[in-house]
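Residue numbers for the sequence shown follow numbering that gives the first Met the number 0, beginning at 0 and rising by one. Glycine included, every Cβ here is placed at the ideal spot set by N, Cα and C. The structure appears right after this line, and notes come after that.
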Amino acid sequence: MKHLLREWVFENPMLREFSRHRRRVLGVSRATAGGALLFLGIYALIAFLVWRFHESFSPLILILVQTCLFMLFIPLLVHNAIAGEREKRTWEMLRVAPLTRAQIILGKFIASVGLLLGFIGAFFLLVAILTFTYQPGGTRLFVPSLWAEVLIAEAISTTFGILVVALTLTASSISHRAFTALSLSIGILFVWMLLGPMIGSMLDSGALSETFNYLHPIDLQLLHMNRVEPSYDPSFFFTFAHFAAVLSAYLLLTTLLLALSTKLLKIIDRN
């Protein structure tokens, strides 16, 4: 285990070069630049709404918006990571470099998660403002209690974002064109968000139906929001174990996708 951590993380040349060659690690395309500009525009709009309606704007709604934006902006910023290398004919240079495929995948993954954390940090500033100023119905909620719920919602959103990074890298690893990787990753997320609740509602088993709802980040955020608001319905109660199970499931899926990306790269390169 220590050997793998040293090889993949601490002594990974992809990470050592990231600070000097950031554009090379993630790749830059028109879609990436357009996504960054779109994010700045949306962020400015949300910041204005927070300033204007801070007393009636729930911080949990903002975290829900953040989770939804992950499904657009993460593919826009990450899809070019490997497919872009193939398009620019630089992938062959990486293949002959003294790097394993696992090092390449993990290097790009950690660099992409760094961008994700910057995205989250920008939004968390607004979330913190709302947490201290939110007054539903003119009644201020107990701040420490609200902070606990906000941090739970943020943990769900963050782990889901990390999963989307891994999913986009997988799509990029099997694509020869950046646009194909972008379309594939957004398409998979769209199908998951759209069909997940439908499949859950069609299942007769209550346990399976609840599992689909728990793994659906939007449904889970909405149900979590319901238990915090003054109109809280106890039938929607979630224990800490439920949230821990969801976080573990997202991180497990992330690990499986990264392993799959490495295997797919090996198969595609061989062919």
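- Taken through DSSP and simplified to helix, strand or coil, E54 comes out as coil.
- Judged by DSSP in its simplified three-state form, S174 adopts coil rather than helix or strand.
- With respect to the C-alpha of V164, the residue from R176, A43, H175, S184 having the closest C-alpha is S184.
- By the neighbour-count criterion, in which a residue is buried when 16 or more other Cβ atoms sit within 10 angstroms of its Cβ, V149 is buried.
- Taking one beta carbon from each stretch, the segment 114-122 and the segment 63-76 have 3 or more pairs nearer than 8 angstroms; the two touch.
- In the DSSP assignment, K107 falls within the alpha helix (DSSP H) that extends over 100-132.
- Contact between L188 and M70 holds, with the beta-carbon distance rounding to 5 angstroms and staying under 8 angstroms.
- With fewer than 16 other Cβ atoms inside 10 Å of its own Cβ, S55 counts as exposed.
- Bounds of the alpha helix (DSSP H) holding R94 are 90-95.
- It is roughly 19 angstroms from the alpha-carbon of I109 to the alpha-carbon of S247.
- In this structure, S171 places its C-beta atom within 8 angstroms of the C-beta atom of A80.
- Here DSSP, grouped into helix, strand and coil, assigns H78 to coil.
- A244 is positioned such that its CB atom lies no closer than 8 angstroms to that of A177.
- In this structure, the straight-line span from the alpha carbon of R94 to that of L105 is close to 15 angstroms.
- Contact between the segment 56-66 and the segment 84-91 is absent, with fewer than three C-beta pairs closer than 8 angstroms.
- Note on geometry: alpha-carbon atoms of R51 and T132 lie some 12 angstroms from one another.
- Ranked by Cα distance from H53, the options L124, I128, L68 are led by I128.
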